[in-house]
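Just below is one structure, and these are the notes that go with it.
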Amino acid sequence: MTRPSGSPHHALPAALTYSDYINDRAMVEGLVMLPAPAGVSPGEWPDTDAFKPGDDWPEGGAWCHDEVLFIRTHQAFEVWFALIMHELNSVIRAASRLWPGGVPAADLGKRAEAPALRPIRLDRWPLTKAAIAEVAARSSAAGEILAQIAEPMQMGLGAALPPGMGEGAAFNQLLSLGSHRLGRATQAMLCTIPFFDVLATLTPAEFLRFRGRLSPASGFGSVQFRELELTVGLRELHAAKIAPEGGEPTPHPPILRPGPRTPPHAAAMAFHTVQPVWGIERLARRLNQPSLRDLVYALLSAAASAGRRADGPEHGLPDMRDPAVDRLLATNLRHLIGDHFRGAGAITLDDTGAAHLRSAVAELGGAFAQTETVAAAMIAMHPAQERFTLLLEAALDLDAALLRWRDRHIRFVEHIIGMRRGTGGGGIQYLRGTTSAVRPAHLTHGLPALWQARSFVQTL
Ligand code: HEM
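The C-terminal position of the sequence shown is numbered 461 in the working numbering, with every residue numbered one higher than the one before it.
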């Protein structure tokens, strides 16, 4: 790197300064105030004529001392989001090289739309059949509900084994590098959460002094937060923002722009409406790249294929042939009944009890129907797969950190604006929906298989 030098040794490159390397000037001068947008009357907007980036923040008129806290906190989040994306992307890029044809896409949206799950064929699962018969002997109604459970592993990605899966150096490197870097991304995400404590020193009245002029801008339009969500795997969550109803093509597929037939609410939420052009370009690029969900599902699905070979599991992966899965399901059904009736010998089912049992069985069956969920539970129980387990734990931790971020943001927003609508037109209700347990898991959690597997791991 050569740069102009004031020293007599003009021929030599100037010594690197901290400032050159860190680019801190961009941050010092990163506090800007654009001229008033059209239609804003003088007095409502700061007089920007005499202000240039890097100056002390003016006082008086429409200038607000507390706006600096607001802008700087958002910038701090964005700096850390950039680091998180850097770490996360590097893991996905390394993984993409393992599958010569690219990481297959885990299309959980399509799975959720599939027709109802097939009920279990009990002849194939003798241990489960015996566990259900035990329950039926105590209560035929409970036995009938259990017998409706879905057939295990009826859905799955069917991903091919990446070459060297299980023992190859490249694969092991991915597991180590992946856990290390995902762990770093998680710490960075968690580290941003206390930023909200600093911003929460802003009183509602202080915020109201400048809030009006932000509208319609909001964190809702954060490019990097959307990139992060999409890269973790939450594609379906944003389907309507990516392609609003009645949307029309743009130069950046798959992102569509709202068209004349797009309902106003959908148009207001669309990425094309709230994102700057550079953001749309980045998001469109992300949408064409694999996500952490794709990677984790592909690894789990490949592990299931290796564990289901008729002549025995490959590469030290856990046995996932029918007898092993049958044993896990039977154990889980026994535990479900034990938890449900809290150890009582007799099973009495009134209508409410039957409804609860039905929903618990549907949940267990729905999760067991996913090959990747069963694989995740099996791997967690398998001591020989420590590295694999560490990678999966690191991926889950990142997903958990994103949820913790959302939870904190929701409480924080409640603290600052209560139930008012946000400047982006949403509010607490919208934000709560992003973590709501009543929504399908693939809309709130990046890696549903890993979360579901937590319920099924046993000490067999
Ligand atoms: C006074 C401070 C803040 C308030 C009152 C606030 C309020 C809100 C509200 C009400 C929403 C829902 C959409 C809307 O109507 O705007 C929202 C969304 C969002 N905010 Fe904040 N926020 C604040 C600070 C922050 C900060 C510091 C960040 C950090 C980047 C942030 C990031 C986001 C993101 C990413 C969303 C979209 C969430 C989603 O769609 O899941 N917000 N905010």
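From the three backbone atoms N, C-alpha and C, an ideal C-beta is built for every residue, glycine too.
Rounded straight-line distance, which links the Cα of residue j to that of residue i
| i | j | result |
| --- | --- | --- |
| ARG139 | ALA148 | 14 Å |
| GLY234 | PRO449 | 10 Å |
| MET2 | SER20 | Annotation note: pLDDT 45 at MET2 (below 50); position unreliable, coordinate value reported separately. Their Cα atoms are separated by approximately 14 Å. |
| ALA370 | ALA142 | 23 Å |
| PHE413 | PHE197 | 7 Å |
| HIS253 | PRO265 | 22 Å |
| ILE146 | VAL275 | 48 Å |
| PRO101 | GLY213 | 52 Å |
| GLN225 | PHE82 | 6 Å |
| ALA132 | ILE338 | 10 Å |
| LEU89 | GLN430 | 30 Å |
| GLY103 | SER97 | 5 Å |
| ASN333 | ALA134 | 15 Å |
Residue i classed as buried or exposed, judged by whether at least 16 other C-beta atoms fall within 10 angstroms
| i | result |
| --- | --- |
| LEU17 | exposed |
| ASP124 | exposed |
| ALA395 | buried |
| VAL92 | buried |
| ASN24 | exposed |
| LYS242 | buried |
| TYR298 | buried |
| PRO5 | Legend: pLDDT at PRO5 = 49, less than 50; position of this residue unreliable, value from coordinates given subsequently. The residue is exposed, with fewer than 16 neighbouring Cβ atoms inside 10 Å. |
| ARG36 | The identity of residue 36 in the sequence shown is Pro, whereas the question assumes Arg. Exposed: under 16 other Cβ atoms inside 10 Å. |
| VAL41 | exposed |
| SER360 | exposed |
| SER306 | buried |
| ALA151 | buried |
| LEU209 | exposed |
| GLY7 | Here the model assigns GLY7 a pLDDT of 48, short of 50, so the residue's position is not dependable, and the following value carries that caveat. Its Cβ having fewer than 16 others within 10 Å, GLY7 is exposed. |
| GLU68 | buried |
| PRO291 | buried |
Selected residue, minimal CA-CA separation from residue i, among the options
| i | options | result |
| --- | --- | --- |
| ARG433 | GLY308, GLY423, HIS66 and ARG407 | ARG407 |
| GLY55 | GLY61, ASP48, MET34 and PRO47 | MET34 |
| HIS443 | ASP323, ALA368 and ALA269 | ALA368 |
| SER302 | ILE256, ALA189 and PRO163 | PRO163 |
| ALA454 | PRO120, LEU109, GLY366 and GLU45 | GLY366 |
| LEU284 | ALA240, ALA325, ARG322 and GLU246 | ALA240 |
| HIS316 | ARG287, HIS66 and ALA385 | ALA385 |
| HIS416 | GLU207, MET28, ARG98 and PHE52 | GLU207 |
| HIS87 | MET190, GLU364 and ALA305 | MET190 |
| TRP46 | PRO255, GLY62, ALA356 and ALA160 | GLY62 |
| THR374 | LEU451, ASP398 and ARG440 | LEU451 |
| ARG296 | VAL80, ALA95 and ALA363 | The question names Arg, yet the displayed sequence has Leu at residue 296. Ranking the options by Cα distance to LEU296, first place goes to ALA95. |
| MET28 | HIS75, LEU175, ALA39 and CYS65 | HIS75 |
| ILE121 | ILE429, ASP327 and PHE457 | ASP327 |
| GLU387 | LEU318, HIS357, ASP351 and ARG182 | LEU318 |
| THR460 | MET420, HIS336 and LEU358 | HIS336 |
Distance between beta carbons of residue j and residue i, contact taken as under 8 Å
| i | j | result |
| --- | --- | --- |
| LEU128 | ALA331 | 4 Å |
| PRO245 | ALA267 | 4 Å |
| GLY427 | PHE211 | Not really, about 19 Å apart at Cβ, beyond 8 Å. |
| LEU1 | LEU175 | With the chain covering only 2 through 461, there is no way to say anything about residue 1. |
| ALA78 | LEU203 | The question names Ala, but residue 78 is Phe in the sequence shown. Between LEU203 and PHE78 the Cβ distance is about 15 Å, and since that is not below 8 Å, they are no contact. |
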